[in-house]
Structures are given as structure tokens and as C-alpha cells.
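Asker:
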Amino acid sequence: MNRGLCAGVLLPLFAAGPLTAQLSTRVDLSSSTRYVWHGLSRAAGIVLQPSLAVGYRIHNLALASGLTRHYELDRVSPDELSELGNSKGHLGEDDFWVQADLAVGFVRFRTGLVRYLFRGALPQGGGGPLGNTTEAYLTVGSTGTYFNPQLEAWWDVDRVRGGYLLASASSPIMGWPLEPFFFAALDGEVGVNLGQAPDPTRPADLANFSERGLSHAALGLNLLFRASQWPGLGSASISLSLRGQLNLDDATRYNGIDRTKNFVVWLSAGVTLLFGGEARIVR
Numbered sequence: 400m401n402r403g404l405c406a407g408v409l410l411p412l413f414a415a416g417p418l419t420a421q422l423s424t425r426v427d428l429s430s431s432t433r434y435v436w437h438g439l440s441r442a443a444g445i446v447l448q449p450s451l452a453v454g455y456r457i458h459n460l461a462l463a464s465g466l467t468r469h470y471e472l473d474r475v476s477p478d479e480l481s482e483l484g485n486s487k488g489h490l491g492e493d494d495f496w497v498q499a500d501l502a503v504g505f506v507r508f509r510t511g512l513v514r515y516l517f518r519g520a521l522p523q524g525g526g527g528p529l530g531n532t533t534e535a536y537l538t539v540g541s542t543g544t545y546f547n548p549q550l551e552a553w554w555d556v557d558r559v560r561g562g563y564l565l566a567s568a569s570s571p572i573m574g575w576p577l578e579p580f581f582f583a584a585l586d587g588e589v590g591v592n593l594g595q596a597p598d599p600t601r602p603a604d605l606a607n608f609s610e611r612g613l614s615h616a617a618l619g620l621n622l623l624f625r626a627s628q629w630p631g632l633g634s635a636s637i638s639l640s641l642r643g644q645l646n647l648d649d650a651t652r653y654n655g656i657d658r659t660k661n662f663v664v665w666l667s668a669g670v671t672l673l674f675g676g677e678a679r680i681v682r
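Each number in this note's numbering corresponds to the 1-based position in the sequence shown with 399 added.
See the structure below:
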């Protein structure tokens, strides 16, 4: 799932919380040279990821829901890393999510569900509907400071039935406080597989990783430029992210049939439109 990295890290730095109930909408259109989820490379090519989210916030509590789609724009050969398999289209995955977000001072709690629907066709390596699954997650982190740590706990409740931890932190390194606003930040993350490896006692379950333990470590540079501000309506922002990842599990090293990579680098760019008095839907 596209977590909206650049926007998620940087937008809260200039988004103020509302005092009354407000409705907001967020539209993202991003493109990346690789699609990575929980450290696992899902597609090694140009990926287009449009998403739409709506949210309702009252005081410190926000409820939100949205959809992210993953389109692979490159042509796929049978041995390449892809979710499409032998399907003729470009849509590889749909992610539907709902979440609740509670801010208590600088501490932020978030919980929700994500439903993954894979549109690729088997047997040539695509995800296919047999991989459809659901994850629940719980996140705690801090915002609004110069060092913002976050811990995410994910649990697959459907096809995999296992836990996964993601520890991350971000820090702003530069900001231009006058319009047009410009921000830069560094972030890093480490993933730990707790129970999403093959289980001999449940042979019918799918597995995301090859073994328990560290899955990957990543570092990213994120840039955000708020291109336009519409008083009383919303804003438009442009984001750019450069990311590198050290793969520590056989599953995260997988890069297609008979292909492995210990280290991957990819570039992402996107445009975000925020509408409503409170525009802090972060996914």
C-alpha cells in the first residue's frame, strides 16, 4: 500500500489541528520506479498510484477512509518482478482502508484495517485473487518535534495470519517558512517479521517472509513543496522522495524469477490536493 511517505512525514509540520468538527478530502497522484510494501518489492518498474481519502475530524479524533490503486506502466516479461502475471491490463492492486486517529499532545495513536485486492492473473508471478488478504494495524508515534519516532504493529487476519513490526523515525533538516513553503526531511525504518513466515502447522496459509527476524532497513530523503494555497478551500503540494533499502530477508531480496538484490534504490514523485479546513489525512 502506498503510505504517502513524503506527505505523511512533512505535511503535519504546517497543518494545524481544528477546534471544531471539519470534513476534509485528499487526492494523491504519485509515481515511483519501484513499489515496495513492508520492505517487499512488489513491482520493479514505473508504478502509478492514484489515491482518494475522505476524513471527518472533531477535536483530536479523526476518522478516515480511502482507496489506493497500483498501476504498472511498464511491459512485463515472465521473469520480471510484477503483480500483473499474465493479465493484459495494468492494474495490479487495490487497497481499501479505514482508520481512526487520536492526537494527545505530541503523541499520535492510529488504528485501522486495510483490505488488499490483487488484480494480477496467475500463473506468471502475479498476485492474483488467491493472495487477497486483510491487515489490522496499530500505530503510536510523536509529531510536531524535531525527532519523530513511530512504532507500527501489523497483523494479517486473513491469508497469512501473523504479525509484523515497523519502527521508523523522521526529522526535518530544512524548511522555508515563507510562501511558497518548502520542507526537507530524513526518515529511516527497520522492519521485523514476527509471524509472517511459513508455518508447517498451517500449510494452507500464505507467507510474506522467509523467516522470523529483521526484514529490511531503509533510509529516505523527502522533499515537499507547497505549490499553491487556496484560502478557505485547500492546497496543492508537490513531493519528491529518494529511498534506499538494505534487504535482510530472502523475501525482501527477491527481485523476480532467479533474481535477487541485497540493496535497492528508487525514486518517487507525487502531487497532493487537500480540500477542507483540516487537511491532515495521512496514509
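Think of the CB as a built atom: it goes at the ideal place given N, C-alpha and C, for glycine as much as any other residue. Note that the structure is a prediction, hence the values are computed from the model and not measured.
Can you tell me whether DSSP reads L529 as helix, strand or coil?
Answerer: Locating residue 529 in the sequence shown gives position 130, counting from the first residue. The answer is helix: DSSP assigns L529 an H, G or I state.
Asker: Let me confirm a value: W496 is counted as buried when at least 16 other C-beta atoms fall within 10 Å, else exposed. Which label applies?
Answerer: Numbered from 1 along the sequence shown, position 97 holds the residue referred to as residue 496. Buried, because 16 or more other Cβ atoms sit within 10 Å of the Cβ of W496.
Asker: Relative to the alpha-carbon of F581, which residue among D427, Q628, D494 and L439 has its alpha-carbon at the smallest distance?
Answerer: Taking the sequence shown and counting its residues from 1, one reaches residue 581 at position 182. The candidate whose alpha carbon is nearest that of F581 is Q628.
Asker: Would you say the stretch 600-613 touches the stretch 632-641, given that touching needs at least three Cβ pairs under 8 angstroms?
Answerer: The stretch 600-613 vs the stretch 632-641: no contact.
Asker: Where E479 and G527 are concerned, what is the direct C-alpha to C-alpha distance, given to the nearest angstrom?
Answerer: Along the sequence shown, one-based indexing puts residue 479 at 80. Along the sequence shown, one-based indexing puts residue 527 at 128. E479 and G527: Cα-Cα distance of roughly 16 angstroms.
Asker: Out of curiosity, what's the CA-to-CA distance linking G530 and V513?
Answerer: Counted from its first residue, the sequence shown places residue 530 at position 131. Counted from its first residue, the sequence shown places residue 513 at position 114. Rounded to whole angstroms, G530 to V513 spans 14 angstroms at the Cα level.
Asker: Just how far apart, CA to CA, sit T659 and Q498?
Answerer: Numbered from 1 along the sequence shown, position 260 holds the residue referred to as residue 659. Numbered from 1 along the sequence shown, position 99 holds the residue referred to as residue 498. Their backbone Cα atoms lie some 35 angstroms apart in a straight line.
Asker: What residue from T533, M573, R625 and R560 has the CA that sits closest to L672's CA?
Answerer: Position 273 of the sequence shown, counting from 1, holds the residue named residue 672. It is R625.
Asker: Report buried or exposed for E610, applying the criterion of at least 16 other Cβ atoms within 10 angstroms of its Cβ.
Answerer: Along the sequence shown, one-based indexing puts residue 610 at 211. It counts as exposed.
Asker: Quick check on DSSP: helix, strand or coil for L672?
Answerer: Working through the sequence shown from its first residue, we reach residue 672 at position 273. Reduced to three states, the DSSP call for L672 is strand.
Asker: For H686, write down the residues that DSSP places opposite it in a beta bridge.
Answerer: Residue coverage of the chain in this structure runs from 400 to 682, which leaves residue 686 outside it and unanswerable.
Asker: Please go through the same chain and pick out, in chain order, the residues whose beta-carbon is closer than 8 angstroms to the beta-carbon of W575, but skip the five residues on each side of it.
Answerer: Within the sequence shown, the letter at position 176 stands for residue 575. Closer than 8 angstroms at Cβ, skipping near neighbours: F581 and F582.
Asker: Which residue comes first and which comes last in the beta strand (DSSP E) that contains L516?
Answerer: Taking the sequence shown and counting its residues from 1, one reaches residue 516 at position 117. Element bounds for L516: V506 to F517.
Asker: Taking the straight line between their C-alpha atoms, what separation do you get for G562 and L422?
Answerer: As a first step, residue 562 is located in the sequence shown; it is residue number 163 there, counting from the start. As a first step, residue 422 is located in the sequence shown; it is residue number 23 there, counting from the start. If you take the alpha carbons of G562 and L422, they lie about 33 angstroms apart.
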